[in-house]
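Chemist:
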Amino acid sequence: MDPLKIGPYEIGSRLIVGTGKYSSPEVMQACHAASGAEMVTVAIRRINLDDRSGKTLLDYIDRAKYRILPNTAGCYTAKEAVLTAQLARELLDTDLIKLEVIGDPQTLYPDTRETIAAASQLVKEGFTVLPYIADDPVACKQLEEEGCAAVMPLAAPIGSGLGVCNPYSIRIIKERANVPVIVDAGVGTASDAAVAMEIGADAVLMNTGIAAAADPAAMARAMKLAVEAGRLAYLSGRMPKRLYANASSPMQDLIAVHEP
Amino acid sequence: MDPLKIGPYEIGSRLIVGTGKYSSPEVMQACHAASGAEMVTVAIRRINLDDRSGKTLLDYIDRAKYRILPNTAGCYTAKEAVLTAQLARELLDTDLIKLEVIGDPQTLYPDTRETIAAASQLVKEGFTVLPYIADDPVACKQLEEEGCAAVMPLAAPIGSGLGVCNPYSIRIIKERANVPVIVDAGVGTASDAAVAMEIGADAVLMNTGIAAAADPAAMARAMKLAVEAGRLAYLSGRMPKRLYANASSPMQDLIAVHEP
Amino acid sequence: MDPLKIGPYEIGSRLIVGTGKYSSPEVMQACHAASGAEMVTVAIRRINLDDRSGKTLLDYIDRAKYRILPNTAGCYTAKEAVLTAQLARELLDTDLIKLEVIGDPQTLYPDTRETIAAASQLVKEGFTVLPYIADDPVACKQLEEEGCAAVMPLAAPIGSGLGVCNPYSIRIIKERANVPVIVDAGVGTASDAAVAMEIGADAVLMNTGIAAAADPAAMARAMKLAVEAGRLAYLSGRMPKRLYANASSPMQDLIAVHEP
Amino acid sequence: MDPLKIGPYEIGSRLIVGTGKYSSPEVMQACHAASGAEMVTVAIRRINLDDRSGKTLLDYIDRAKYRILPNTAGCYTAKEAVLTAQLARELLDTDLIKLEVIGDPQTLYPDTRETIAAASQLVKEGFTVLPYIADDPVACKQLEEEGCAAVMPLAAPIGSGLGVCNPYSIRIIKERANVPVIVDAGVGTASDAAVAMEIGADAVLMNTGIAAAADPAAMARAMKLAVEAGRLAYLSGRMPKRLYANASSPMQDLIAVHEP
Amino acid sequence: MRACINGKQYDLPDGLTVAELLDRFETPRTGVAVAKNDRVVRGSALAQEPVEDGDRIEIIKAVAGG
Amino acid sequence: MRACINGKQYDLPDGLTVAELLDRFETPRTGVAVAKNDRVVRGSALAQEPVEDGDRIEIIKAVAGG
Amino acid sequence: MRACINGKQYDLPDGLTVAELLDRFETPRTGVAVAKNDRVVRGSALAQEPVEDGDRIEIIKAVAGG
Amino acid sequence: MRACINGKQYDLPDGLTVAELLDRFETPRTGVAVAKNDRVVRGSALAQEPVEDGDRIEIIKAVAGG
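Quick mapping for you: the protein sequence lines, in order, are chains H, X, S, D, P, Z, A and B. At position 235 of the first sequence (counting the first as 1) the number is 234 in numbering that gives the first Met the number 0, and the numbers step up by one without a gap. At position 73 of the second sequence (counting the first as 1) the number is 72 in numbering that gives the first Met the number 0, and the numbers step up by one without a gap. At position 54 of the third sequence (counting the first as 1) the number is 53 in numbering that gives the first Met the number 0, and the numbers step up by one without a gap. At position 142 of the fourth sequence (counting the first as 1) the number is 141 in numbering that gives the first Met the number 0, and the numbers step up by one without a gap. At position 18 of the fifth sequence (counting the first as 1) the number is 17 in numbering that gives the first Met the number 0, and the numbers step up by one without a gap. At position 58 of the sixth sequence (counting the first as 1) the number is 57 in numbering that gives the first Met the number 0, and the numbers step up by one without a gap. At position 13 of the seventh sequence (counting the first as 1) the number is 12 in numbering that gives the first Met the number 0, and the numbers step up by one without a gap. At position 20 of the eighth sequence (counting the first as 1) the number is 19 in numbering that gives the first Met the number 0, and the numbers step up by one without a gap.
1) Starting from the beta carbon of residue 239/D, find every residue of chain P whose beta carbon is closer than 8 angstroms, and list them in chain order.
2) In angstroms with no decimal places, state the Cα-to-Cα distance between residue 108/H and residue 136/D.
3) Please look up how many angstroms separate the CB atoms of residue 229/S and residue 190/D, rounded, as I've assumed it's under 8 angstroms.
4) For residue 55/P, go through chain D and note every residue whose CB falls closer than 7 angstroms to its CB, in chain order.
5) With distances taken from CA atoms, which of 84/D, 95/D, 73/D is nearest residue 38/D?
6) In chain order, what are the residue ranges of uninterrupted beta strand (DSSP E) at least 3 long that sit wholly in the region 57-134 of chain S?
7) Whole alpha helix (DSSP H) runs in the region 134-190 of chain H with 4 or more residues, listed along the chain?
8) So, at 6 angstroms on beta carbons, what are the nonlocal neighbours of residue 91/H in its own chain, with the 5 sequence-adjacent residues on each side left out?
9) Who are the neighbours of residue 250/S on chain D, taking C-beta pairs under 9 angstroms?
10) If I'm right that residue 83/S touches residue 93/S with Cβ under 8 angstroms, what's the distance once you round it to whole angstroms?
11) Alpha carbon to alpha carbon, how far is residue 254/S from residue 187/X?
12) Helix or strand or just coil, what does DSSP make of residue 49/B?
13) So which residues of chain S does residue 41/P contact, with C-beta pairs closer than 9 angstroms?
14) Can you confirm whether residue 64/B, when its beta carbon is compared against all beta carbons of chain X, has any partner nearer than 7 angstroms?
15) Hey, residue 151/D and residue 181/D: beta-carbon distance below 7 angstroms or not?
16) Tell me the DSSP secondary structure of residue 4/X in three-state form.
17) Can the beta-carbon of residue 226/S be found less than 7 angstroms from the beta-carbon of residue 194/S?
18) Quick check on the burial criterion: 16 or more other C-beta atoms within 10 angstroms. Buried or exposed for residue 5/Z?
19) Considering Cα atoms alone, identify which of 17/P, 44/P, 12/P, 11/P is closest to residue 57/P.
20) Would you mind stating whether residue 247/S and residue 173/D have Cβ atoms separated by less than 7 angstroms?
21) CB-CB under 8 angstroms to residue 46/X, same chain, minus the five flanking residues each way: which ones, in chain order?
22) Output, in chain order, the set of chain H residues within a Cβ distance shorter than 8 angstroms of residue 30/A.
23) Could you give the distance in angstroms between the alpha-carbon of residue 18/D and the alpha-carbon of residue 55/B?
24) What would DSSP say about residue 15/Z, mapped onto helix, strand or coil?
25) Buried or exposed: residue 257/S, going by 16 or more other Cβ atoms within 10 Å of its Cβ?
26) Looking at chain A, is there any beta carbon in it that lies within less than 7 angstroms of the beta carbon of residue 40/X?
27) Looking only at its chain, what residues have a beta carbon closer than 7 angstroms to the beta carbon of residue 207/D, apart from the 5 residues adjacent to it on each side?
28) Checking 7 angstroms against the spacing of the C-beta atoms, do residue 57/H and residue 30/B come in under that value?
29) Can you find a CB in chain F that lies within less than 7 angstroms of the CB of residue 171/X?
30) For a contact defined as C-beta to C-beta under 9 angstroms, what are the partners of residue 164/X on chain S?
31) Look at the alpha carbon of residue 39/A and the alpha carbon of residue 146/S, and state the distance between them as a whole number of angstroms.
32) Check the Cβ of residue 45/X against every Cβ in chain H and list those closer than 8 angstroms, keeping chain order.
33) Could you name the residues of chain H that residue 5/B contacts, counting a contact when the two beta carbons are closer than 9 angstroms?
34) Checking contacts by CB at 7 angstroms: is residue 22/H closer than that to chain A?
35) Considering only residues of the same chain and omitting the five flanking positions on each side of residue 47/A, which have a CB-CB separation below 7 angstroms?
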C-alpha cells in the first residue's frame, strides 16, 4: 500500500490501532501483529503509588516495529490535554499526540472549542497534532489552519461499532482537506473500514472493533485487509452506478432451439 | 482463507470472476491473476462462420490455474439453457454450469419458473448447477431442493454496481440454506464484496465491478482483499453495535490541573 | 388525493389496511376510521362447527364505507388459492382477490410459480386479481401479462416492519409496470409508507404496522398522512440532491462590523 | 398536532418554513398557506440606497398568522451575528432569533465556537435564541447550557436535500436535550421530514425542500402532512422490527383441497 | 354415511342436503360459504345439493387477516 | 463631513441626524432599522441621533431567507 | 439440400457429415461444440453424424462473459 | 510539609527532591514522567527539582488505550 505521510512521519500501514480493552497483553500483541499496523495509541494515566507490579504496557510494544501515538483521552479541557501531551512527550520522547478533548462521558464526542484551543497551543509547542474531532467540515478546516498534521473525524461514537454514520460529511471533509483525514472511532467491522477508505479517508484508527471481536486477532487481520481493499478501490476508480442492468455476456449470437 | 466446497469441487478462493467486458485479453489475464480467483465464468455463443481469426478466449485462460464455469447467459427459456449447458459440457468437459435464465433484457432479472425448470432438468442430467436467481428465499430453497450445488442470489441488477441492495433477504437466504450462497451480480466496489461476505455469503461472483473500473487490475486485487476481509470478519464475530460511546481508554487515574 | 383505479374499481384512499391482529374489533374499527382507508382485507377460514358465538368479523365492517378485499393468505398451492378465492367470491359477492400463495411459514415469501399459476386461472375466471409477490421485476411483469389488475411487491417480510428494504427493485417495478404497484407487507412506521409512495408506489397495503403499534389508532392516522405526504411529494417533483450547500438566504448586502 | 413550546412561545405547527428562493411572493404565500406553518424565517440585509421600489417582503407576510423568526444567515462572526440580531429585534419587534454563524460558504456548516459565543451574548441580552448547529451532541448541550430556547442541528448541508444523513447523532441529541430539538437544513422530500420527526425531533425547519420543488405549494402540503405523520408515528410507538415474517392472517383452519 | 366436514369425519344420516347439514351444526346461512369436493356450492343450490358418502365439505367464513 | 452608509462613503452636510439621513435617501421610516458604529439606533432616537464624520451607518430591512 | 447453420440457411451437397461441414467452414475441431436439431453431437461422433435436409446445426465456442 | 501526589495529600520530610520522592514510592525512573504544579519536570532535572509544601505532583505512565 502507498505509505502515509503525517507531518514529518511516514507509515507504511494505513491502519492505526489502539492498545485498550484486550483480554491480555499477549492477545494485544497478536492483534498488533495481525493488523500490520505501524502506529499504536496509548493513554497517559497516573501510576498507582501503592502498586509495585512489574511489567507495564510499554514492555509489550516493540518500539522498533510500532511508532507510539499517545492520546489525551479522558481530558475535558485544553489545559488538561496540553499538560497530558507534555507529559507524554517527556515519557515517550515523541512529539506525536492524538489530541482528544471530550465534552461528556456518554457520547465521548469532542469539545470542539477546547480541542481547537489545545491544538493551537500544542502546535506552537512543536507537537505533531492529530486531533479527534466531530465529522464537522468547519472544525476540521479550523484545526488544519491551526497547523494540525492531520484531522481525525469520528465515523460514529467511540466504541459504538456503528460504522460510518455519515459518509457525506466525511467525503466533504476529505475533499476540502490539505492534511490527511484519518477516520477515528466507530468502526465495527471490516466493511466499515473499507467504506471509510473508499470515501477517501487516508487512514483509519480503531480499537474496540478489533479488541471486542470474538476472535480479535482474526478481526485484526480482517481490518488490515479491509483497509488495503478500500484504499485500492479508492485509487482504482470504481465503476459508475446505474439503476438498470448491463449484460456482462454478449446478447448476440445466442443459439436457437426449436419451439416445441 | 478456508476453501469453499461446491458440490464435488473445492476452490481456494471465495471470489469468482468473469471474463467479459475487458479492454483486452491481456488486461483480463492481469485481473484474473490479481483477483486470486480459481474459478472464472465464460459464455457460450455461436462461432462466426465467416471469421477465421486465430486465438480464442480459452487461449487466455490457463485451465491448470482456473476452473471454468460456463454460463447460460442470454437464455430466456429452460430449453435454451439446457441445450446451452449440454454444449458447454461437451465443449469444456465440465459438469459445472452457471444457470442463468433471464426474464427481460432491461433488468436481466432471472425468470424464476424457467430457472427452476432448467435446474431440475440439469440436475437429473448430472450437472453441478449454480443458478443465478433473485434474492428470493423461497426460490433459493426450491433450487436447493431441486439439487443445485449452490444458489446465487443477486446483490443488485447485473452490471449495476449498486452493491447489496437488500442485506435482509441475503441474510435470510443464507440462514436457511444448506448449500453455499454465492452473491452474484451487482457488486460495484470492494466494500460491497466485504458486506456480502459479512452477511454470511460463502462467495461472491463478479465481472463488471472489476472490468469497468478505471484500473481493473488494481480493483481485482481490492476485490480479492475485500472478500478475504469480509470472510474473516464474518468468522471473527464482530463487536455488538451500541448507540452510545464506550471508552477505549480508562476513565480513571487522570491527571488534574489547577483551575486558573 | 387523486383516486386509484384497480381494474374496474376506483378507491379514494391509497392506503389499504388489514383486519388482523387487533386487540378488539372496536380497536380495529377505530383504526379503519383513522386510516381513511376505503378497502380492507379479510382472510377466509373454516368455521368452528362447535362454536355458536354470535358476532363475526363482517359485523364490524360497514361495507358501505369499506370495499372488502379477501385474501388467500396461508395457501401453499395454486389449487388451494383458487378454491379459497372462489369461496371468497361466493361469500362476499366480490371478484376482488388478494392472491397470496406462500412458499414457507418462516419468511412468508410468495411461491412465484404457484402465484403465477393461480393468477392465470383466476383471471380466466373473471377475478380482479391483486397478487402479493416478491420485489422481482420479472415476476411482476409476468403477473401483469397474466392479466392481474395490480401487482403487490413486498417491501419486507410480512409483519417484519423493516420498511422498504430495496427501493431500487420497487422503483424498477414501478417504472416498467402498466398496472398499479401496491407495496404490500413490511411497512413498520409512517416514513416507510412515505418512502414507498415517493418511489412511485400507487398505494400501500399494511396490517401489522398499524395493529402492533402501541397506539394503533394514532398510528393509523399517521399512516394515512404519510401515504398522502408521499404521494404528494412524488407528484410535486422533489428538489435535486447535492453534496454541497446552497444558501437559502442571500449572501450579499450583509452588514459589516468594525474589527476590534 | 400537539403544540410546540419554544421559550415563552407556543406554535401549533411543528413545521417552520423559510421565505427564500421562491419564484414570486405569491408562490411563497401559497406555500406558506399550504405548509400550515405558524413561524417563518426572514433574513436581514442592507437596503439598496438607490432603489425606491415599493413592496417589501414583510408586505407578503400576515403577521397575525405567522410569527417571524429572523435569522443571522451569512454572518461569519459572533459580533456580526449579535448586531444582526439586535437590528432584527429593532426592526421586527421580536426577541426571537435564528442564530446562524457559518464557517465557510461551500458547506455553510456553522462555526461552533462563534455560534456558542454569540448565543451566550444574545441570551444575556434577553433574546430567545434558536441556534443552527452541527449534529454534534456536545455543541447542542453547550448551547442548551448557555440558555438557548432550542437547538437546531442540521440534517444535511443547507440546500442539499440529502435528508437526515446521520439519524444516530440526531437521536442522541434528542435523548439528551432538555429544550426542543428542531432539525434545520437538508430536508429534501416528505419522507425526510417524517424520518426526522420519528427520531424524535420536535420540529423541522426547511426552505429549499419546498421552494425548489417542481410544484412548491404541493410539496409544502406534503411537508405539512409528513411532519404530522412523523410526529404521530413517534408518539404512537412503532411496532418492533424483526428479520423474519409474522403472519397477519391466522395460520390455522385453512381449507384443504384434494391432492390430484 | 360418513363425510368429511372441515377436515373432520362425521357420521351422518343418508339423504342429507348441504342446507340441512348447516342446520345440523346450527350454522347461519349468511356469512358462510360452502365447497363440496373442491367445488363451490352456490348459496341458491344449498337446499338441493346432496351430501353423499365420502364427500369433503368445507364451510368457511371471513376472519381477521392482512 | 464623510460617513460610511451601508459600506459606501458619502459626503454629507454637517449637523445631520439619522432621521434626516433617511429622508435624504428617501428611505421609509418603517420596515428599516439602523445601526451606528455597531450599535442599534432605536426608532424613537432617530431624530436626535447625529451623524458625524467617520460614522459607520447600517440601514437594514428584512429580505427573503431560510 | 438446405440446412440451417447457426441460424442461416445454406445450400449444401448431399451426404455431408458434421465433420465435413466443419471443414467446409474451415472451423477448427477443438474449441467448438455442435448441436443438431437441439441435441449435442459428441466430438467422437462428428465424423459419422450426417447433415440432412432441414437440419438445424449449432456450432458454438466459449466467449467472454460474466 | 504536605504535598499532593497524584491527587492524594502526603506528609513528607522537608528538603525532598522529586527524584527522592520517586524513590520513596519505589517508583522506577523509567516508564514514568512527572509534572509539578502543571509543569513537566524533565527527567534530567528530577534530582534537582525540590518538592515544597503545597506542591501538586503528577507521576504518570503509559497505559492501554485507544
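Don't be surprised by glycine CBs; every beta carbon is placed ideally from N, CA and C.
Modeler: This is what the structure gives:
1) Here residue 239/D refers to the residue found at position 240 of the fourth sequence. Residues of chain P passing the Cβ test: none, with the nearest at roughly 17 angstroms.
2) To locate residue 108/H, count along the first sequence from 1; it is residue 109. To locate residue 136/D, count along the fourth sequence from 1; it is residue 137. In a straight line, the C-alpha of residue 108/H is about 7 angstroms away from that of residue 136/D.
3) Walking along the third sequence from the start, residue 229/S turns up at place 230. Walking along the fourth sequence from the start, residue 190/D turns up at place 191. Between residue 229/S and residue 190/D, the beta carbon gap of about 6 angstroms places them in contact (Cβ cut-off 8 angstroms).
4) Numbered from 1 along the fifth sequence, position 56 holds the residue referred to as residue 55/P. Near residue 55/P (Cβ distances below 7 angstroms), the residues of chain D are 257.
5) On the fourth sequence, residue 38/D is found 39 positions in, with the first residue counted as 1. Ranking 84/D, 95/D, 73/D by Cα distance to residue 38/D puts 95/D first.
6) Complete beta strand (DSSP E) runs here, min 3: 66-69, 95-98, 127-132.
7) Those alpha helix (DSSP H) runs which fall completely within the region 134-190 of chain H and span 4+ residues are 136-144, 166-175.
8) Locating residue 91/H in the first sequence gives position 92, counting from the first residue. Taken in chain order, the residues that qualify are 67, 69.
9) Counting from 1 along the third sequence, the entry for residue 250/S is found at position 251. Correct list: 72, 73, 104.
10) Locating residue 83/S in the third sequence gives position 84, counting from the first residue. Locating residue 93/S in the third sequence gives position 94, counting from the first residue. Not a contact, Cβ separation roughly 13 angstroms.
11) The residue given as residue 254/S occupies position 255 in the third sequence. The residue given as residue 187/X occupies position 188 in the second sequence. Between the alpha carbons of residue 254/S and residue 187/X lies a gap of roughly 49 angstroms.
12) Here the question's residue 49/B lines up with position 50 in the eighth sequence. Here residue 49/B sits in strand by DSSP.
13) Here residue 41/P is taken as the residue at index 42 of the fifth sequence, counted from 1. Per Cβ cutoff of 9 angstroms: 89.
14) In the eighth sequence, residue 64/B corresponds to position 65, counting from 1. Yes, residue 64/B counts as interfacial toward chain X.
15) Translated into positions along the fourth sequence, residue 151/D becomes position 152. Translated into positions along the fourth sequence, residue 181/D becomes position 182. Remark: C-beta atoms of residue 151/D and residue 181/D approach each other more closely than 7 angstroms.
16) As a working note, residue 4/X is residue 5 in the second sequence. Residue 4/X: strand per DSSP, three-state reduction.
17) In the third sequence, counting from the first residue as 1, residue 226/S sits at position 227. In the third sequence, counting from the first residue as 1, residue 194/S sits at position 195. No.
18) For the purposes of this step, residue 5/Z is taken as residue 6 along the sixth sequence, with counting starting at 1. It counts as buried.
19) In the fifth sequence, counting from the first residue as 1, residue 57/P sits at position 58. The shortest C-alpha separation from residue 57/P is found at 17/P.
20) As a working mapping, residue 247/S is identified with position 248 in the third sequence. As a working mapping, residue 173/D is identified with position 174 in the fourth sequence. No, the Cβ-Cβ distance between residue 247/S and residue 173/D is not below 7 angstroms.
21) For the purposes of this step, residue 46/X is taken as the residue at position 47 of the second sequence. None.
22) Residue mapping note: residue 30/A aligns to position 31 of the seventh sequence, counting from 1. Per Cβ cutoff of 8 angstroms: no residues; residue 30/A is ~15 angstroms from chain H at best.
23) Locating residue 18/D in the fourth sequence gives position 19, counting from the first residue. Locating residue 55/B in the eighth sequence gives position 56, counting from the first residue. Each residue's alpha carbon lies about 59 angstroms from the other.
24) If you number the sixth sequence from 1, residue 15/Z lands on position 16. DSSP, reduced to helix, strand and coil, places residue 15/Z within a strand of the structure shown.
25) Position 258 of the third sequence, counted from the first residue, corresponds to residue 257/S. Exposed.
26) Sequence index remark: in the second sequence, residue 40/X carries index 41 (1-based). By this cut-off, residue 40/X is an interface position.
27) As a first step, residue 207/D must be located in the fourth sequence, where it is residue number 208. So the qualifying residues of the chain are 20, 158, 160.
28) As a first step, residue 57/H must be located in the first sequence, where it is residue number 58. As a first step, residue 30/B must be located in the eighth sequence, where it is residue number 31. Yes, the Cβ-Cβ distance between residue 57/H and residue 30/B is below 7 angstroms.
29) Structure shown: chain F not included; protein chains present are H, X, S, D, P, Z, A and B.
30) Start at 1 with the first residue of the second sequence, and residue 164/X comes out as number 165. Correct list: 164, 165, 166, 167, 168.
31) The residue given as residue 39/A occupies position 40 in the seventh sequence. The residue given as residue 146/S occupies position 147 in the third sequence. Those two C-alpha atoms are separated by around 38 angstroms.
32) Taking the second sequence and counting its residues from 1, one reaches residue 45/X at position 46. Under the 8 angstroms cutoff, chain H gives 252, 253, 254.
33) Locating residue 5/B in the eighth sequence gives position 6, where the first residue counts as 1. Per Cβ cutoff of 9 angstroms: 45, 46, 47, 48.
34) As a working mapping, residue 22/H is identified with position 23 in the first sequence. Between residue 22/H and chain A, the shortest Cβ-Cβ separation is not below 7 angstroms.
35) Counting from one through the seventh sequence, the residue named residue 47/A turns up at place 48. 16, listed in sequence order.
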